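Number of protein chains: 2
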Amino acid sequence: MSGEQVRTQGSRAGEIVGCAWDLARTVGIAGFSLRALAREVGIRQPSLYAHFESKHALYDAMFADGNRQLLARLDALVLPDDPRAALKVFMREFVAFALEDTARCYLIFQRPIPGFEPSTSAYGHAEQVMDRVVEVLRVAGIEDQDDIDCFIAMVAGLIHTQLSNEPGGDRWSRHLERLTDLYLDDIHRRSRAS
Amino acid sequence: MSGEQVRTQGSRAGEIVGCAWDLARTVGIAGFSLRALAREVGIRQPSLYAHFESKHALYDAMFADGNRQLLARLDALVLPDDPRAALKVFMREFVAFALEDTARCYLIFQRPIPGFEPSTSAYGHAEQVMDRVVEVLRVAGIEDQDDIDCFIAMVAGLIHTQLSNEPGGDRWSRHLERLTDLYLDDIHRRSRAS
DNA sequence: GTCTATACATCGATAGAC
DNA sequence: GTCTATCGATGTATAGAC
């Protein structure tokens, strides 16, 4: 239960990461300063360096934390037996997670911090998320790499367009189920034809 | 031919915008400073204020300029008579434009500058681009607002996923024609069914 | 682990001469 | 329109006491 990487809960470093998310939510992922973060935490700015050796290290912890949050949400789902229904429930949760926090979505899925690359340790969490996605897609019959790429691009497009043009709304994201059917039907049609 | 808004060609302000694009291409749209920009232009940093009253005003000029570039590219196309083929040629050019300059794509389509909102004048160019897109979609039979939204999200997803994961490649963007067929076939199938 | 104090760079923007 | 000089704020990061 208490491993080397589970520092997000309870510890001071975890509290700092939480405050960093709060700040990022209001001023953007790249728009908060360590001074403002320290103020939020209730300590002085240089004290942050007792927990993170640089701002990039903090971003790295946030990247890992965000992916861990998403993984927990996905693994907590109770999926229906029907693969198509399961895929819809799964992706609906995925999209909901992405839409509820723009800053988190950007850091995790787009990496808009110049010069920041997640460490291999943090990247492992992102790979776990991707493993879950690919597994649900596979069960639903999306196995070909091209089909996987197209489906993921479709979902990313709904998220991206929604966040860019109407954050908080559902004008684009509400088409997820309909487009999921469209892609699945096409794959099944093609597999029958061969 | 010479209007109040055509300052991108010839004038000093246009030269500055061009240098700003060059810089943005290497250090990101939000990553260049006015000092670096002035160095690129060959003047001193305060001299920039003789042409733009603030950095946001410069971003505004870049936003208008980028949309004008895109509009020129789209209007220069010779489209096939067949609406489906025309849509493919048109969107292929659109995607190519987006992929060839990440910084430009971000500024025009995603607005990643905190606090920057394009002026109504600059936004007019973006609306002209959107008008062209909607017209080509309409001719191809995509008229329902939901269908338009889905199609645009699909294209945005290809662009976004391509740029985020493999800039310079075509792993995702190469599926544009196939997905265009998928969407068009679905719309025609539904219209026959009604 | 937190503090005070500070170094050092860079930023956007302004004043005023030419 | 361009220059020199500079302002005031902010940024990350370090030194050293407690």
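Protein chains in written order, with the numbering used here: chain L, 315 to 508; chain Y, 315 to 508. We put the CB at the ideal spot given by N, CA and C, even for glycine. Note that the coordinates shown come from a computational prediction; the quantities given were computed from them, not determined experimentally.
Short CB-CB distance (under 8 Å) between residue i and chain Y
{"i": "L/Cys419", "result": "no"}
{"i": "L/Leu472", "result": "yes"}
{"i": "L/Thr434", "result": "no"}
{"i": "L/Leu517", "result": "The question about residue 517 of chain L has no answer here: the residues shown for chain L are numbered 315 through 508."}
{"i": "L/Ser505", "result": "no"}
{"i": "L/Leu493", "result": "yes"}
CB-CB length for residue i against residue j, believed under 8 Å
{"i": "Y/Val403", "j": "Y/Leu413", "result": "The Cβ separation is near 16 Å, so there is no contact."}
{"i": "L/Phe411", "j": "L/Arg387", "result": "6 Å"}
{"i": "Y/Ala417", "j": "Y/Gly342", "result": "6 Å"}
{"i": "Y/Ala344", "j": "Y/Ile427", "result": "6 Å"}
{"i": "Y/Cys333", "j": "Y/Glu367", "result": "Not quite, the Cβ-Cβ distance comes to about 18 Å (not below 8 Å), so this is no contact."}
{"i": "Y/Leu385", "j": "Y/Val450", "result": "Rounded, the Cβ-Cβ distance is 13 Å, inconsistent with contact."}
{"i": "L/Asp415", "j": "L/Arg339", "result": "6 Å"}
Short CB-CB distance (under 8 Å) between residue i and chain L
{"i": "Y/Gly483", "result": "no"}
{"i": "Y/Phe423", "result": "yes"}
{"i": "Y/Met468", "result": "yes"}
{"i": "Y/Thr416", "result": "no"}
{"i": "Y/Gly380", "result": "no"}
{"i": "Y/Trp486", "result": "yes"}
{"i": "Y/Leu351", "result": "no"}
{"i": "Y/Ser361", "result": "no"}
{"i": "Y/Glu318", "result": "With a pLDDT of 35 at Y/Glu318, under the threshold of 50, the modelled position of this residue cannot be trusted; read the value that follows with caution. Not one chain L Cβ lies under 8 Å of Y/Glu318."}
{"i": "Y/Leu413", "result": "no"}
Three-state secondary structure (DSSP) of residue i
{"i": "Y/Phe377", "result": "helix"}
{"i": "L/Ala352", "result": "helix"}
{"i": "L/Gln459", "result": "helix"}
{"i": "Y/Ser508", "result": "coil"}
{"i": "Y/Val443", "result": "helix"}
{"i": "Y/Phe366", "result": "coil"}
{"i": "L/Phe430", "result": "coil"}
{"i": "L/Gly345", "result": "coil"}
{"i": "L/Ala338", "result": "helix"}
{"i": "L/Glu480", "result": "coil"}
{"i": "L/Gln424", "result": "coil"}
{"i": "L/Ile357", "result": "coil"}
{"i": "Y/Ala412", "result": "helix"}
{"i": "L/Pro397", "result": "helix"}
{"i": "Y/Ala371", "result": "helix"}
{"i": "L/Val448", "result": "helix"}
{"i": "Y/Ser325", "result": "coil"}
{"i": "L/Ala390", "result": "coil"}
{"i": "Y/Ala417", "result": "helix"}
{"i": "Y/Ala467", "result": "helix"}
Under 9 Å by beta carbon: chain L residues contacting residue i
{"i": "Y/Pro428", "result": "Val341, Gly342, Ala344, Gly345"}
{"i": "Y/His489", "result": "Asp460, Asp463, Cys464, Ala467"}
{"i": "Y/Leu496", "result": "Cys464, Leu496, Tyr497, Asp500"}
{"i": "Y/Ser478", "result": "Phe423, Gln424, Arg425, Ala470"}
Contacts of residue i in chain Y (Cβ-Cβ under 9 Å)
{"i": "L/Ser368", "result": "Simply none; closest approach about 18 Å."}
Under 7 Å by beta carbon: chain L residues contacting residue i
{"i": "Y/Ser508", "result": "None at all; the shortest Cβ gap to chain L is about 16 Å."}
Contact set between residue i and chain L, taken where Cβ atoms lie within less than 8 Å
{"i": "Y/Leu451", "result": "The premise fails here: Y/Leu451 is roughly 15 Å from chain L at the closest Cβ pair, so nothing lies under 8 Å."}
Stretch pair the stretch 406 to 423 of chain L + the stretch 374 to 382 of chain L: three plus CB contacts closer than 8 Å: Flag = yes, the stretch 406 to 423 of chain L and the stretch 374 to 382 of chain L touch.
Using a Cβ distance threshold of 8 Å, determine whether the stretch 465 to 473 of chain L contacts the stretch 465 to 485 of chain Y, with at least three qualifying pairs required. yes
Using 8 Å as the cut-off, can you tell me whether the stretch 489 to 498 of chain Y makes contact with the stretch 483 to 492 of chain L, which would need three or more C-beta pairs spanning the two stretches below that distance? Result no; under three Cβ-Cβ pairs closer than 8 Å.
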